[in-house]
Amino acid sequence: MSRTRTERLVNLVICLLSTRRFLTAAQIAATVPGYEHDPEDPRDHEAFQRKFERDKAELRDLGVPLETGTASVFDQEPGYRIAHREYALPAIRLEPDEAAAVGIAARLWQHAGLAAAASSGLAKLRAAGVEVDPQATLGVEPVVTVDPAFGPLTSAARDRRAVSFSYRVPEVDDPATRRLEPWGVVCWQGRWYVVGHDRDRDATRCFRLSRIVGAVKVLGRPGAFAPPENEDLINHVAKWSGPVPHNGRATVTVRPGRAAGLRRWAVESQPGPDGDTLTIPYSDAERLAATIVGYGPDVRAEGPPEVREAVIQLLKEVVARHEVAA
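In structure tokens:
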């Protein structure tokens, strides 16, 4: 949905909520920005009617209780209003642990690039009298990162704008340019993916955000395409990723009696002076590195170089984030 249409729908809702009587289409057109037209011009008036019909359908699809009726028996033209009793939310009461969870979620999404949406949600909850305490988290600090392409791709999916980006796959050295109509961005098994229609291949495709190189470029105008309805994006990613062969072999040193979860992955274990040396099968160096980093000083990556470099990069990112927080 384009920003202009979103603003028009918001203004329409505000207009219909501000009155308890039914407003005709002509009254709405004279009040709501975005509906300006010449009623004496048949083509202009027909364009307004089509726009208004689409907006009414959109509001109903969003669950807005839009009523149709007349103010009196003498009215010939139907009017519209929003049923206050059905539109209003019941009182929201959060227990202390629930309020803390909402606070953690808001802070999490601020890290993940959705700070504006998180702030807006908190403001609405507080305006409704709901107590939300972002500090009551018992010292828990969420640390969530997303790839740089996350923000541009979610915006493009929301505005229905096509994009292009350079994409690198493991078996090819040079990235290739892809043109995509993004339907949405989803998380699957700890990774972010964008799902959409690949214009060059004329087929549905999934792309992992961490493999996008450089900036995401927006193509064309908003509303350039219509994504399929009720599409299960997670299912697309699950089918696309499929079973992954674990052809790589990593060597890690684990302190005695530590990292039981990692030991279960090992296909070989050898005792040594600094701990046990494990051989771990893997398919994705970055994902294995994230697991190794999660064990802290109990696990040290020995090789191959791609795993060691991925671990070092992750540790540098952790240090940088906490330096900024401090």
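Going by mature numbering (1 follows the signal peptide of the UniProt record, and there is no 0), the letters in the sequence shown line up with residues -25 to -1, 1 to 301, in that order.
The beta carbon of each residue, even a glycine, is placed where N, CA and C say it ideally should be.
Model, not experiment: these values are computed from the prediction.
Taking 8 Å as the limit between beta carbons, can you name the residues of its chain near Leu(-9), skipping five residues before and five after? Ile57, His59 and Tyr62
* To do: Please classify Val144: does DSSP put it in a helix, a strand, or coil?
  => In this structure, Val144 counts as coil in the three-state DSSP scheme.
Out of Arg143, Ala178, Val212 and Asp207, point me to the one whose CA is closest to Trp163's CA.
-> Val212
Which partner residues does Thr45 have in the DSSP bridge list?
-> The partner list for Thr45 (beta bridge, DSSP) is empty, contrary to what the question assumes.
Ala132 versus Glu156: straight-line alpha-carbon distance, rounded: Going by the C-alpha atoms only, they are around 8 Å apart.
_Buried or exposed for Ile(-12), going by 16 or more other Cβ atoms inside 10 Å?_
That one is exposed.
* Taking the C-alpha atoms as reference points, what is the distance between Gly278 and Pro256? -> 12 Å
Check: Roughly how many angstroms separate the alpha carbons of Leu275 and Ile287, rounded to a whole number?
Finding: Checking the sequence, you will find Arg at residue 275 rather than Leu. Arg275 and Ile287 have their alpha carbons spaced roughly 10 Å apart.
Let me know the secondary structure DSSP gives Ser258 once reduced to three states.
-> Reduced to three states, the DSSP call for Ser258 is coil.
Run the CB neighbour count on Phe49, radius 10 Å, all protein chains shown included, and call it buried at 16 or more, exposed below.
That one is exposed.
*asked:* Assuming Phe182 is part of the beta strand (DSSP E), what are its boundary residues?
replied: Ala178 to Arg183
Next item on the list: Check Ser130 in the structure and name its three-state DSSP category.
Entry: Three-state DSSP puts Ser130 in a helix.
task: Answer yes or no: do Ser141 and Pro150 have a C-beta to C-beta separation smaller than 8 Å?
output: yes
**Q.** Residues near Val193 by beta carbon distance below 8 Å, same chain, minus five either side
**A.** Excluding its 5 nearest sequence neighbours in each direction, Val193 has C-beta neighbours in its own chain below 8 Å: Pro127, Ala131, Arg136, Ala137 and Val138, listed in chain order.
Practice prompt. Answer yes or no: do Trp158 and Val144 have a C-beta to C-beta separation smaller than 8 Å?
Written response: In this structure, the beta-carbon distance from Trp158 to Val144 does not fall below 8 Å.
Query raised in the report: In terms of alpha-carbon separation, which member of Asp134, Asn(-15), Ser258 and Gln245 lies closest to Ala199?
Result: Asp134
From the DSSP output, in three-state form, read off Gly269 for me. helix
**Asked** Between the beta-carbon of Leu253 and the beta-carbon of Val229, is there less than 8 Å?
**Response** yes
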